[in-house]
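Written out below as structure tokens is the structure these notes cover.
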Amino acid sequence: MVHLAAQAGVRYSLQNPHAYVDANLVGFVNMLEGCRHHGTRHLVYASTSSVYGANSKMPFSIHDNVDHPLSLYAATKKANELMAHTYSHLYGLPVTGLRFFTVYGPWGRPDMALFLFTKAMLAQEPIRIFNQGLMKRDFTYIDDIVEGVRRVMEVLPAPDADWSGMQPDPGTSCAPYRLYNIGNHQPVELMHLIATLEHALGVTAVKEFLPMQPGDVPATYADIDDLTRAIDFRPATPIEVGVERFVGWYRDEWLPIGG
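Taking the numbering used here, the leading residue of the sequence shown gets 6, the next gets one more, and so forth.
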């Protein structure tokens, strides 16, 4: 079972918190119950880099504590990880959580920066750039995410024989439970993303610089060593390649349907 459905997005969680409780908490426990009662061989679900919250040690590691979320969205996804561990411990359900890092590409979410920037730039409207542009994100191309999920599906987590309750490792467990970061392990400055998009579109953006928004973090950077050891794969699509592919798709597929 691969569970990717959720109410996503940091900023919307400030406006409609109940949507996150309904989808990410109630919805997720329904998935866990379904897996428990139907003998699911392996549950793979999407978590998020947002769980790292106030952490500032880079790169973010699954072995670091993540008890200081900065948005309700992050808190619900952290809760998902805890709920998954509980079901893994109680019922022996093999569960793997994947912390996605800023996924982008064709058929992505229209509320993400790349969509919003592209739409605004083609309409010659200003793009809103938060934290005065001093942001870095570990942008991860969708094809790399799909390949990572596909490979993880075939690797059933087993209890970690070296796990100790005296020094508990957040990334593993004495239950059949694992967490992995899945990111491009190559933080990109937001202004570089915008320059890359300008080049691909042949348009110069009108830029509106704004302060940091509540719930945002200045940077993300994935430590993917555990993922690489487990599935022999490292996301590696350069931002220039990914943005070029996105722009081609946007022009061919999204604009004709009114995007």
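Where a beta carbon is used, it is the ideal one built from N, C-alpha and C, also for glycine.
C-beta atoms of residue i and residue j nearer than 9 Å
i, j, result
"residue 192", "residue 141", "yes"
"residue 212", "residue 162", "no"
"residue 89", "residue 25", "no"
"residue 184", "residue 118", "no"
"residue 93", "residue 178", "yes"
"residue 30", "residue 85", "yes"
"residue 170", "residue 68", "no"
"residue 260", "residue 127", "yes"
"residue 116", "residue 54", "no"
"residue 37", "residue 59", "no"
"residue 108", "residue 79", "no"
Inter-residue Cα distance where the pair is residue i and residue j
i, j, result
"residue 216", "residue 168", "43 Å"
"residue 13", "residue 227", "19 Å"
"residue 121", "residue 35", "33 Å"
"residue 237", "residue 101", "16 Å"
"residue 96", "residue 180", "9 Å"
"residue 110", "residue 73", "29 Å"
"residue 7", "residue 147", "16 Å"
"residue 65", "residue 164", "23 Å"
"residue 239", "residue 209", "33 Å"
"residue 166", "residue 244", "39 Å"
"residue 77", "residue 28", "12 Å"
"residue 200", "residue 114", "21 Å"
"residue 133", "residue 194", "15 Å"
"residue 91", "residue 47", "15 Å"
CA nearest to the CA of residue i, picked from the options
i, options, result
"residue 103", "58, 229, 237", "229"
"residue 11", "105, 98, 63, 67", "105"
"residue 4", "61, 251, 87, 39", "An answer regarding residue 4 cannot be provided, because it is not within the stretch 6 to 264 covered by the chain."
"residue 4", "208, 62, 94", "Past the edges of the chain, shown from 6 to 264, lies residue 4, and the structure says nothing about it."
"residue 52", "76, 28, 82", "82"
"residue 256", "57, 112, 66, 134", "112"
"residue 214", "6, 136, 66", "136"
"residue 1", "50, 200, 71, 152", "Nothing can be reported for residue 1: it is not among the residues displayed for the chain, which extend from 6 to 264."
"residue 173", "70, 253, 48", "70"
"residue 254", "151, 200, 206, 187", "206"
8 Å contact criterion, which residue i and residue j should meet: CB distance rounded
i, j, result
"residue 202", "residue 123", "7 Å"
"residue 196", "residue 247", "Contact doesn't hold; Cβ gap of about 17 Å is too wide."
"residue 189", "residue 231", "The pair is not a contact, with the Cβ atoms about 16 Å apart (cut-off 8 Å)."
"residue 241", "residue 160", "20 Å between Cβ atoms; not a contact."
Quick check: the stretch 32-44 against the stretch 148-165, are there 3 or more CB pairs under 8 Å? no
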